[in-house]
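Asks: Those letters in the sequence shown? Residues 50 to 147, per our numbering, in order.
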Amino acid sequence: MNQEIYSTGVNKQKIDILDNRIVIFAQTRRSPLISVLSERYPELTLSVDGALAMEYKRRLKEKFEDQFGIKVTTIIKDYDSASEHACTVIYLEQSLGI
Numbered sequence: 050m051n052q053e054i055y056s057t058g059v060n061k062q063k064i065d066i067l068d069n070r071i072v073i074f075a076q077t078r079r080s081p082l083i084s085v086l087s088e089r090y091p092e093l094t095l096s097v098d099g100a101l102a103m104e105y106k107r108r109l110k111e112k113f114e115d116q117f118g119i120k121v122t123t124i125i126k127d128y129d130s131a132s133e134h135a136c137t138v139i140y141l142e143q144s145l146g147i
């Protein structure tokens, strides 16, 4: 999903599953296009980051539900551009029993 949206992959990833929550911690590289804009247009970069995060969550929810047949209640995502760390939390309607 990262490659598809941001044109860059994930360097490290850790996934924790607890009851009806999947927490994904990842270290990623910032999109080169956004990095170019960030120095001169920080307000634009914030808008683009937000729009890309929303699209990421929409696509992840759709793919998750299609692939696993489990209803997703919501997805929460945050990214820290300084450290290049991201956290995504997927809340499911039902427990995975793990």
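No residue lacks a Cβ here, since even glycine has one placed at the ideal position from N, Cα and C.
All figures in this text were calculated on a predicted structure; none of them were measured in a lab.
1. Is Ala75 helix, strand or coil when you go by DSSP?
2. Spatial neighbours of Ala102 within its chain, please: CB distance less than 6 Å, with the 5 preceding and 5 following residues excluded, ordered by chain position.
3. Using a threshold of 8 Å, state whether the C-beta atoms of Asn60 and Leu145 are closer than that.
4. Could you tell me which of Glu111, Glu92 and Glu53 sits nearest to Ser80, measuring between CA atoms?
5. Quick check on this structure: which residue in Ala135, Leu141 and Arg89 has the alpha carbon closest to the alpha carbon of Lys110?
6. Buried or exposed for Ala135, going by 16 or more other Cβ atoms inside 10 Å?
7. How long is the line joining the alpha carbons of Val138 and Glu92, rounded to whole angstroms?
8. Which same chain residues end up closer than 6 Å to Ala75 when comparing Cβ atoms and leaving out the 5 residues on each side of it in sequence?
9. Mapping the DSSP letters down to three states, classify Ala100 as helix, strand or coil.
10. Buried or exposed, going by whether 16 or more other CB atoms sit within 10 Å of the CB of Thr94?
Replies: Let me lay it out:
1. Locating residue 75 in the sequence shown gives position 26, where the first residue counts as 1. Of the three classes helix, strand and coil, the one that applies to Ala75 here is strand, per DSSP.
2. Residue numbering aside, residue 102 sits at position 53 when the sequence shown is read from its first letter. Closer than 6 Å at the Cβ level, and outside the excluded window around Ala102, lie Lys126.
3. Taking the first residue of the sequence shown as 1, we reach residue 60 at position 11. Taking the first residue of the sequence shown as 1, we reach residue 145 at position 96. Not a contact, by the Cβ cut-off of 8 Å.
4. Walking along the sequence shown from the start, residue 80 turns up at place 31. Out of Glu111, Glu92 and Glu53, Glu53 has the C-alpha closest to the C-alpha of Ser80.
5. Position 61 of the sequence shown, counting from 1, holds the residue named residue 110. Looking at the Cα atoms, Leu141 is the closest of the given residues.
6. Reading the sequence shown from its first residue, position 86 is the one you call residue 135. It is buried - the Cβ of Ala135 has at least 16 other Cβ atoms within 10 Å.
7. Locating residue 138 in the sequence shown gives position 89, where the first residue counts as 1. Locating residue 92 in the sequence shown gives position 43, where the first residue counts as 1. Looking at the two C-alpha atoms, the distance is approximately 26 Å.
8. Locating residue 75 in the sequence shown gives position 26, counting from the first residue. The answer, listed in chain order, is Val59, Gln62 and Ala135.
9. Along the sequence shown, one-based indexing puts residue 100 at 51. If DSSP states are grouped into helix, strand and coil, Ala100 belongs with the helices.
10. By 1-based counting over the sequence shown, the position of residue 94 is 45. Classification of Thr94: buried, given that the 10 Å Cβ count is 16 or more.
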